[in-house]
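Residue numbers (the numbering used here): 8 to 92.
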């Protein structure tokens with residue numbers, strides 16, 4: 008039983024060290040990892056004319072939505088910092 012534990016302890020570091028260095032060979036035939044080319048895996052086309060307007064509209068809506076839903080929250084936060092005389 009002691010010999011088995013010693014054998015396991017001695018062989019364990021080599022298995023762990025060996026596993027970290029296994030990898031597949033890099034293929035340098037194309038700079039892209041997929042055959043269709045860049046931007047083919049996106050569900051939208053960033054090169055179209057209205058993309059920038061739609062993108063920034065979406066970002067502005069997402070950023071302003073929490074503030075619009077909060078309503079009077081910024082005023083109530085500011086009113087707590089005023090000193091009462």
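Ideal placement from N, C-alpha and C gives every residue a C-beta, glycine not left out.
Collapsed DSSP secondary structure at residue i in the structure displayed
{"i": "residue 69", "result": "helix"}
{"i": "residue 76", "result": "helix"}
{"i": "residue 58", "result": "helix"}
{"i": "residue 11", "result": "helix"}
{"i": "residue 64", "result": "helix"}
CB-CB length for residue i against residue j, believed under 8 Å
{"i": "residue 52", "j": "residue 60", "result": "Their Cβ separation, rounded to whole angstroms, is 14 Å, which puts residue 52 and residue 60 out of contact at 8 Å."}
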